[in-house]
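Chemist: Below: one structure in structure tokens.
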Amino acid sequence: MIEFKNIQIKFDDFTAIHNLNLEIKEGEFFTLLGPSGCGKTTTLRSLVGFIKPTNGDILVNGERINDIPVERREIGMVFQSYALFPTMNVYENIAFGLQVKKYKKDEVDKQVREIASKVDLNEEQLFKKVSDLSGGQQQRVAIARALVLKPKILVLDEPLSNLDAKLRKQLRVELKKLQSQFGITSIYVTHDQEEALTMSDRIAVFNKGNIEQVGTPKEIFDQSKTEFVCNFIGDNNFLQPSFLQRIKNECNVAIDPTTTAYIRPGKVTTKVLDATQYDVVVEGEIVEKEYHGISSKVTYEIGNQRIANMEMEDHSNDYEVGSRKKIAFQIADILTY
Amino acid sequence: MQIQNKYKLKNKLYIFAIGIVLSWACIAFLIYPNINLLITTFFQDGGFTLEPFEKLMSSERAMRSLWNSFILAVALVITVNLVGLFLVFIMGYFEIKGMKFLRFGYYSTLIYGGIVLVAGYQFIYGDVGIITNLLLSIFPNMNPNWFEGFWAVLFVMTFSSTSNYVIFLLNALLKVDYQTIEAARNMGATNFQIIRKVILPVLKPTIFALTILQFIGGLGAFAAPQIVGGEFKTITPMILTFSGIVSSRDLAALLAIFLGLASMILLAIMTKVESKGNYMSVSKVKTNLVKQQINNRFANIIVHMMAYVLFVLYTLPVVLIFLFSFTDSKAITTGKLTWDSFTLENYMTVFTDASAYQPFLVSIIYSALTAVIVVGLILYIARLIQKYNNKWTAMLEYILHIPWMLPSVLLAMGLIITYSVPNTMMFHKVLTGTLGILLIGYIIVQLPFVLRMLKASFYSIDTSLEEAAKNLGASNLRTFFKVLLPIILPSALALVALTFNSTLDEYNLSMFLSHPFYQPLGITIQNSTSPESLQDTRALTFVYTVLLMVISSIVLYLVYGRGTKAGK
Amino acid sequence: MKKSWLLIVVLVFSLVLTACGGKQESSQGAGKDKSLVVYTNSASDGRGDWLKEKAAEQGFDIKIVEAGGGDIRNKLIAEKANPIADVVYGLNEMNYIALKNEDVLEPFTPVWANEVEEGTSDSEGYYHSLVKQAILLIYNSDLYTQETTASDWPELWENKAFHGLYEVPTNLGGDTTRTVIASILVRYQDPNGKLGISDKGWKEIKKFFDNGTPATEATPFYANLANGTTPFGQMFSSGIQQREQEYGVKAGIVSPEIGVPYVTEQIAVVKGTKKKEGAEEFINWFGSAKVQAEWAKAFNSMPTNLEAAKSANPEVKTLHESVKKQDMDWEFITENIDAWIEKITLEIQ
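Chains as they are written, first to last, in the working numbering: chain A, 283 to 619; chain B, 566 to 1133; chain C, 98 to 446.
Pasting the structure below:
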């Protein structure tokens, strides 16, 4: 549905986006993920029309939109600060776009109320000042305001970045629910990998103006294509050449000890019932245990290699620091670069 | 326990002492002289008389002056808002070519004001002015006194008031979250709709406050109606006239009371609206405003043209005053310039003749003292008000606003009448004929403005900073000087500058209170604009004006120039 | 930040210096009896400097404070309890009557008291006359002749030909202006009228203001007289000569049948002065026939000192001989002038 073709974006002599090619499908919840300054927001803003690409085409439903002004693109936007108009109440904020488009008064009223009820804003809240709303309610107003214009696409620029952890988690769920309820193609910008993994249908990981990888959350996590993606997403155990050499010798696996290799915590198991099922089985000493509530992060030491693993606190793993344990993993789960 | 008691006692004693000193100062300088003035004027022969009231009511001219003042205030509100908003938007919102340069022009009325400014305008547009001469050579039949009356007053006052207006409103504009503008654009709003529906509502409280101040300024207008008003008479010059006639002071006081009441009502409305009508920004992360290109080519050209025309209107007086300060008196009175007209003599006189440079020195010293004392005092008082928020401090705040409600002429008369004879309130010290009384007068009139501004900056400080400092063991004094003062200092210094500049060419108070040996500049300049003065003194006026501009500019640069650098 | 603090420090420092300097001056003055503060409305056109110089030759150290007559009067009254001035000269009799009534003056009889024209000084010796001044209606003699000019103030508004061609004052505080108004109003003295003036009188003064061109702050009257904007207007007699030179125009003088108002400028000791003796010595010197004669020569004044009057400039003498003195009741005028000015300001101007 949305296509970025050979997009290049330059600000004076700084190139923000080098050569971007990306396709987003109808109804998808698509996330642009990356550290700050990687070009993800720039990409989003070029889609909305605030920035003109220096090169390349942006297509929506096969139509080139590079020269269509912002307001004609039918793309709703939720801003980082929500950008709610502080001088208007909730109702007026939502009605703003409709009034600009010169809808009739009763039509405006009908649509505002319709969208308000869809995002769970009640009558009383509709006439409150926006500053009297909670963060979650403000987000719903911002989304309602964007959706009331029935855009083809909804873009969200780090809308959760300024909220506390608990609210963020809660709103994440709510946001995803709303998106799937409306079924609208959504593009979401964030630097929070957890947010990206939990909410997205697909993710594009950005780094220094380039896309490192596009894929489903599982692909991104399990099969990180580049070292950058691997490190940016989730925790990692870096595997030292000496360790690689050791498992190559001891377990007889085909691995090049000189490559850069990682294994993610969670891909390691300690419940080795049948050693033949695993490519690598080694014994390690538990040197550290970090309690997380539901699970614990347990660190094993095998020679000078440390490997951390997430283990459930379900009493099946109640071992003490200092005890020794067999750990095993599959060679396919080693990410090499 | 004992230690605690000791602290308690010490604190109580301190508060008590402060309370006594402040109460005395408030009563002695702000309340008693004014009440005394009212009593002596309205209870002249032992009984209360409504005679002055009747006199005024039956005077067609007084009523017309009142009406004129009102009309002027209304018109001024409209013109200043129009010009001011236009300037604010071209300075802060739209991309205008050459704005870096143009803005200096728009701020030019910050470096001169009052009588000096009006005299400058009169010099350019008046009957022998440069512009008038130019126009006369094109339209020989036009009236050389065209720059006179209501429109001339409105014109001069509009330009002289907008610089201040722009400073405050521009500040408010820069606080707008740019994301809200993008959001509106995203929803299809045009530039015009964005300004009207998104930006203006945010600016509304500031515009409202500025409008009220403008209205009060219009009501109390003095210099412009006095000099270019012609037949268009307003109240303040009339107050001045009547206050000069001892037997007519009741009329002056009554007119002043009317002005005071009007100001009081307006200020009350302002406070009311301010307290409830304020919105709170919901943006947790603000994006800075990005200047907008005007897309419509035609509109862009028009806006650019208006911007440059305004620039010329703002800078012309400054440039011409500068130019003519180097000419002989003949060129000044005829407005005709030849190569032979140029001379350095005026400057030589001002710098070498003691009687010529003395007024200048006197004004600078008075203004510097006034500025430093007022800001220092109000720093302390504002802190007091913020810290002990109770009915006493609330009352103190109201009392400190009195000078805003009374014209300065009335304040001066009150001080003179009350302290020209030994009075218990002043420990039997006669103040008239001393150097101090003018300083007191200057300080009094500056109190309200400085208080309002400084209080706002105190309240904008994050309270946790103070708590943190205390938590780390800093004493009250240390907290104030090491933590709070550095935060407030930029605004305090800016206020020192503004107070200094506005006191430099003060006239109304100076006329009543100045020591005959140490006459400030305002008097000298006013004297030299009077028709009886010889031409040489008029030439000196231009030198004074140029020097005033230079000093004001230096002060403004020290404060704001530095400030912007630090901001970056 | 440091820079602005420096600025403030420098300013305060310079203030302290100036303040000390001022004190030094005054303390010096306290020791020396002959350093005097003189208030006057008559120091312009070089008079002040002349006086300072001549007085210095006699060992006087004179400090002159100049302002309009009404302002000087108000200042003296305001400073009554703490007077700065030692001597006041130059104001007209109206002001001195007010000052005497306000108890601002100290009675004193100068050595020359008997030499002056009779009836021009205070009978109780509070103030003594120095010069007389005719307050004249003048015209531009290039544009009008004795035949074509208006013959008296009323003709200016009665004859339509003069409408708009004479300047009427806008600021009614000046002594000259007040005298002109008084000279018109006293023609209609009526004990039953408002403020002692008949209705007709008020109508006339209204016509005076209605048909004239108001003075502007910007352009001096003489400039307008010269360029023909307003070829008629008021002038005090001793001011004519110098302005004729300055503006290059010869003024014609209207000599009405009823006469022209004469004011006498006075001199007096301020009550409460700490230098009474010095002040008296100064007055004895300044009012003497010799000094007044020199003063008259230098500034075209007409001394009331009969001896000095002889050496007045011939033009001045001719001028004073050519006009008749209008008979005016100054007590009556002094009593009412403020109320008249108030009424005019409120209802007429």
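Built from N, CA and C at the ideal position, the CB exists for glycine as well.
At which residues does the beta strand (DSSP E) containing threonine 137 of chain C begin and terminate?
Modeler: From DSSP, the beta strand (DSSP E) with threonine 137 of chain C extends over 132-137.
Chemist: Does DSSP put lysine 383 of chain A in a helix, in a strand, or in coil?
Modeler: It is coil, neither helix nor strand.
Chemist: Report the three-state DSSP secondary structure of proline 766 of chain B (helix, strand or coil).
Modeler: Residue state, collapsed to three classes: helix.
Chemist: Serine 238 of chain C by DSSP, collapsed to three states: which one?
Modeler: Here serine 238 of chain C sits in coil by DSSP.
Chemist: How would you call alanine 127 of chain C, buried or exposed, if buried means at least 16 neighbouring beta carbons within 10 angstroms?
Modeler: In this prediction, alanine 127 of chain C scores a pLDDT of 41, lower than 50, which makes its location untrustworthy; no coordinate-derived value is stated.
Chemist: Within 10 Å of its beta-carbon, does tryptophan 969 of chain B have 16 or more other beta-carbons around it, so buried, or fewer, so exposed?
Modeler: It is buried - the Cβ of tryptophan 969 of chain B has at least 16 other Cβ atoms within 10 Å.
Chemist: What is the DSSP secondary structure of methionine 594 of chain A, reduced to helix, strand or coil?
Modeler: Reduced to three states, the DSSP call for methionine 594 of chain A is strand.
Chemist: Distance cutoff 8 Å, beta carbons only. Does arginine 1017 of chain B sit that close to anything in chain C?
Modeler: No, its Cβ sits nowhere closer than 8 Å to a Cβ of chain C.
Chemist: Considering just the uninterrupted stretch of the beta strand (DSSP E) at phenylalanine 787 of chain B, what are its terminal residues?
Modeler: Here phenylalanine 787 of chain B belongs to no beta strand (DSSP E), and DSSP marks it neither H nor E.
Chemist: At which residues does the beta strand (DSSP E) containing glutamate 1071 of chain B begin and terminate?
Modeler: No beta strand (DSSP E) contains glutamate 1071 of chain B, which DSSP labels as neither H nor E.
Chemist: What are the start and end residues of the beta strand (DSSP E) that includes alanine 298 of chain A?
Modeler: Note, alanine 298 of chain A: beta strand (DSSP E), 296-306.
Chemist: With three or more beta-carbon pairs closer than 8 Å as the criterion, would you say the stretch 446-457 of chain A touches the stretch 367-381 of chain A?
Modeler: With the cut-off at 8 Å, the stretch 446-457 of chain A and the stretch 367-381 of chain A do not touch.
Chemist: Between the stretch 305-316 of chain C and the stretch 259-270 of chain C, are three or more C-beta pairs nearer than 8 Å?
Modeler: With the cut-off at 8 Å, the stretch 305-316 of chain C and the stretch 259-270 of chain C touch.
Chemist: At a CB distance below 8 Å, what residues from the stretch 908-921 of chain B approach chain C? Give them in sequence order.
Modeler: Result list empty, no residue passes.
Chemist: Buried or exposed for valine 586 of chain B, please, with buried defined as at least 16 other CB atoms from any protein chain shown within 10 angstroms of its CB.
Modeler: Valine 586 of chain B is exposed by the Cβ-count criterion.
Chemist: Is the CB of threonine 745 of chain B under 8 Å away from at least one CB in chain F?
Modeler: No chain F appears in this structure, whose protein chains are A, B and C.
Chemist: Do isoleucine 1004 of chain B and threonine 935 of chain B have their CB atoms nearer than 8 Å?
Modeler: The sequence as given places leucine at residue 1004 of chain B; isoleucine does not occur at that position. Cβ distance < 8 Å, so leucine 1004 of chain B and threonine 935 of chain B count as in contact.
Chemist: Within the same chain, show all residues whose beta-carbon is closer than 6 Å to that of glutamine 687 of chain B, passing over the 5 residues directly before and after it, in chain order.
Modeler: For glutamine 687 of chain B, where only same-chain residues beyond five positions count, the Cβ hits under 6 Å are Ile792 and Val793.
Chemist: Using only CA atoms, which one of A:Pro523, A:Leu521, A:Phe503 and A:Ser524 lies nearest to phenylalanine 514 of chain A?
Modeler: The candidate whose alpha carbon is nearest that of phenylalanine 514 of chain A is A:Phe503.
Chemist: Can you give me the C-alpha to C-alpha distance between isoleucine 604 of chain B and threonine 999 of chain B, rounded to a whole angstrom?
Modeler: Each residue's Cα considered, the two are about 25 Å apart.
Chemist: Using a Cβ cut-off of 8 Å (strictly closer), state whether glutamine 758 of chain B contacts chain A.
Modeler: With 8 Å as the cut-off, glutamine 758 of chain B counts as an interface residue toward chain A.
Chemist: Are the CB atoms of alanine 748 of chain B and methionine 359 of chain A nearer to each other than 8 Å?
Modeler: Yes, these two residues count as a Cβ contact at 8 Å.
Chemist: DSSP three-state label for asparagine 192 of chain C, please.
Modeler: Looking at asparagine 192 of chain C - three-state DSSP - the assignment turns out to be helix.
Chemist: Using CA coordinates, which residue listed in A:Gln461, A:Asp615, A:Gly321 and A:Ile340 is at the minimum distance from serine 482 of chain A?
Modeler: Taking only the C-alpha atoms, the option nearest serine 482 of chain A is A:Gln461.
Chemist: Just the Cα atoms here: how many angstroms apart are lysine 394 of chain C and phenylalanine 715 of chain B?
Modeler: So the alpha carbons of these two residues sit roughly 47 Å apart.
Chemist: Between the stretch 994-1023 of chain B and chain C, which residues of the former have CB atoms less than 7 Å from a CB of the latter, in chain order?
Modeler: Correct list: Val995, Thr997 and Gly998.
Chemist: How would you list, in chain order, the residues of chain B whose beta-carbon sits under 7 Å from the beta-carbon of glutamine 446 of chain C?
Modeler: Near glutamine 446 of chain C (Cβ distances below 7 Å), the residues of chain B are Arg626.
Chemist: Assign isoleucine 616 of chain A to one of three DSSP states: helix, strand, or coil.
Modeler: Three-state DSSP puts isoleucine 616 of chain A in coil, outside helix and strand.
Chemist: Measure the beta-carbon distance from threonine 506 of chain B to arginine 814 of chain B and round it to whole angstroms, keeping in mind my assumption that it falls under 8 Å.
Modeler: Past the boundaries of the shown model lies residue 506 of chain B; chain B is included only from 566 to 1133, so the question cannot be answered.
Chemist: What residue from A:Glu440, A:Gln393, A:Asp596 and A:Tyr364 has the CA that sits closest to lysine 432 of chain A's CA?
Modeler: Measuring from the Cα of lysine 432 of chain A, the nearest candidate turns out to be A:Gln393.
Chemist: For serine 408 of chain C and alanine 390 of chain C, which I take to be in contact (beta-carbon distance under 8 Å), what is that distance rounded to the nearest angstrom?
Modeler: 4 Å between Cβ atoms; contact.
Chemist: Alpha carbon to alpha carbon, what distance is there between isoleucine 493 of chain A and isoleucine 284 of chain A?
Modeler: Their backbone Cα atoms lie some 16 Å apart in a straight line.
Chemist: Tell me whether arginine 144 of chain C is buried or exposed, calling it buried when 16 or more other Cβ atoms sit within 10 Å of its Cβ.
Modeler: It is buried - the Cβ of arginine 144 of chain C has at least 16 other Cβ atoms within 10 Å.
Chemist: Give the straight-line distance between the Cα atoms of valine 603 of chain A and asparagine 371 of chain A, rounded to the nearest whole angstrom.
Modeler: Rounded to the nearest angstrom, the two C-alpha atoms are 58 Å apart.
Chemist: Cutting at 7 Å between CB atoms, please list the residues of its own chain near arginine 340 of chain C, excluding the five before and the five after it.
Modeler: Result list for arginine 340 of chain C: Tyr319, in chain order.
Chemist: Within 8 Å of any Cβ in chain B, is that where the Cβ of leucine 431 of chain A sits?
Modeler: At least one chain B Cβ lies under 8 Å of leucine 431 of chain A.
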